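Below you'll find the structure, written out as structure tokens, and then a few comments.
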Amino acid sequence: DAGVIQSPRHEVTEMGQEVTLRCKPISGHNSLFWYRQTMMRGLELLIYFNNNVPIDDSGMPEDRFSAKMPNASFSTLKIQPSEPRDSAVYFCASSLFGGLGNEQFFGPGTRLTVL
Amino acid sequence: KNEVEQSPQNLTAQEGEFITINCSYSVGISALHWLQQHPGGGIVSLFMLSSGKKKHGRLIATINIQEKHSSLHITASHPRDSAVYICADLTGNQFYFGTGTSLTVIP
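Sequences listed follow chains A and B, in order. Under the working numbering, read the first sequence as residues 4 to 118, first letter to last. Under the working numbering, read the second sequence as residues -2 to 104, first letter to last.
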């Protein structure tokens, strides 16, 4: 299996622009997670899905952030409008079984820079 | 608020040494997650445990629920173990992450 795939790997954009990050989980995995990592705050869980349904989005920082999972093989994390403080590495992860208490497989991350 | 603290923050060891990284948390947990982040940024899930001990190769993770403490041990350390090790407390529907321990193993 190719593992969790994220695109793009790097994104540079200007403040105010819309940013869309994409994730393809491992085939057959039932849960998908979006994380953000910054120097200041470390790793943070933003949102996770079980069977394509959002379970907990309490980690989503603001209404400017939204995530969707239209099917079992694709998820997006959108920021609109983007701000410089959104600059971070965004990781997507998936797990075979539902919930947070199971082994997760991480994608390579998307490094976002908002100027 | 759940405080998750790791120690030490930075650790340098000689190849072959036995290494211990500690993680303490303040609130009761569902499970404790250990992650490894490589110098290139990639993250690997090492262990998820809620009691006792787990072992995988040269890595051993233990947890003491009463003391709210977990340890990650590396036996016969190797330069390829150089990475940042992060613990995360799973409570309810959230992870509370430690700030990480940066390990450098010198040949």
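For every residue, glycine included, the Cβ atom is placed at its ideal position computed from N, Cα and C. Bear in mind the structure is a predicted one, so any value in this text is a computation, not a measurement.
Which one or two residues does DSSP pair with residue i in a beta bridge?
i      : result
P28/A  : DSSP lists no partner for P28/A.
T116/A : V15/A
Q33/B  : V41/B and Y82/B
H66/B  : S21/B and N61/B
L80/A  : L24/A and A70/A
F53/B  : Sequence check: residue 53/B is His here, not Phe. Paired residue(s): L56/B.
V102/B : A10/B
G45/A  : T41/A
N53/A  : S34/A and V56/A
L87/B  : A28/B and F92/B
E2/B   : S21/B
Indicate the three-state DSSP secondary structure (helix, strand or coil) for residue i in the structure shown.
i      : result
D60/A  : coil
P111/A : coil
R39/A  : strand
What do you get for residue i, buried or exposed, if any count of 16 or more other CB atoms within 10 angstroms of its CB means buried?
i      : result
F94/B  : buried
D89/A  : buried
L115/A : buried
S74/B  : buried
F101/B : In the sequence as presented, Phe is not what sits at residue 101/B; that position holds Thr. T101/B is exposed by the Cβ-count criterion.
H13/A  : exposed
T9/B   : exposed
Q20/A  : exposed
M42/A  : exposed
Q9/A   : buried
A115/B : With chain B covering -2 to 104 only, the question about residue 115/B has no answer from this structure.
Please determine if the stretch 1 to 14 of chain B and the stretch 67 to 80 of chain A are in contact, where contact requires at least 3 C-beta pairs separated by less than 8 Å. No: fewer than three Cβ pairs fall under 8 Å.
Does the stretch 54 to 63 of chain A come close enough to the stretch 44 to 62 of chain B to have 3 or more Cβ pairs within less than 8 Å? Contact between the stretch 54 to 63 of chain A and the stretch 44 to 62 of chain B is absent: fewer than three C-beta pairs spanning the two stretches fall below 8 Å.
Chain A contacts from the stretch 74 to 89 of chain B (Cβ-Cβ distance under 9 Å): Answer in chain order: I83, A85, L87 and G89.
Quick check: the stretch 86 to 102 of chain A against the stretch 26 to 42 of chain A, are there 3 or more CB pairs under 8 Å? Under the three-pair Cβ rule at 8 Å, the stretch 86 to 102 of chain A counts as touching the stretch 26 to 42 of chain A.
Contacting positions in the stretch 21 to 42 of chain B - beta carbon closer than 9 Å to chain A: Correct list: S27, A28, H30, L32, Q34, G37, G38, G39, I40, V41 and S42.
Segment contact flag, the stretch 6 to 18 of chain B with the stretch 62 to 81 of chain B, C-beta cutoff 8 Å, min 3 pairs: Two segments are said to touch when three or more pairs of C-beta atoms, one from each, lie closer than 8 Å; by this definition the stretch 6 to 18 of chain B touches the stretch 62 to 81 of chain B.
Segment contact, 8 Å Cβ cut-off, at least three pairs: the stretch 83 to 91 of chain B with the stretch 30 to 43 of chain A: With a cut-off of 8 Å on Cβ pairs, the stretch 83 to 91 of chain B is not in contact with the stretch 30 to 43 of chain A, counting fewer than three such pairs.
Members of the stretch 6 to 19 of chain B near chain A, C-beta cut-off 7 Å: Residues passing the 7 Å Cβ filter: none.
If you measure beta-carbon to beta-carbon, which residues of the stretch 52 to 63 of chain A are closer than 9 Å to chain B? Within the stretch 52 to 63 of chain A, the residues whose Cβ lies closer than 9 Å to some Cβ of chain B are I58, D59, S61 and G62, listed in chain order.
For the stretch 89 to 100 of chain A, enumerate the residues whose C-beta is nearer than 7 Å to any C-beta of chain B, in chain order. Taking 7 Å as the cut-off between beta carbons, the residues of the stretch 89 to 100 of chain A near chain B are V92 and F94, in sequence order.
Along the stretch 46 to 59 of chain B, what residues have a CB closer than 7 Å to any CB found in chain A? For the stretch 46 to 59 of chain B, there are no residues whose beta carbon sits under 7 Å from a beta carbon of chain A.
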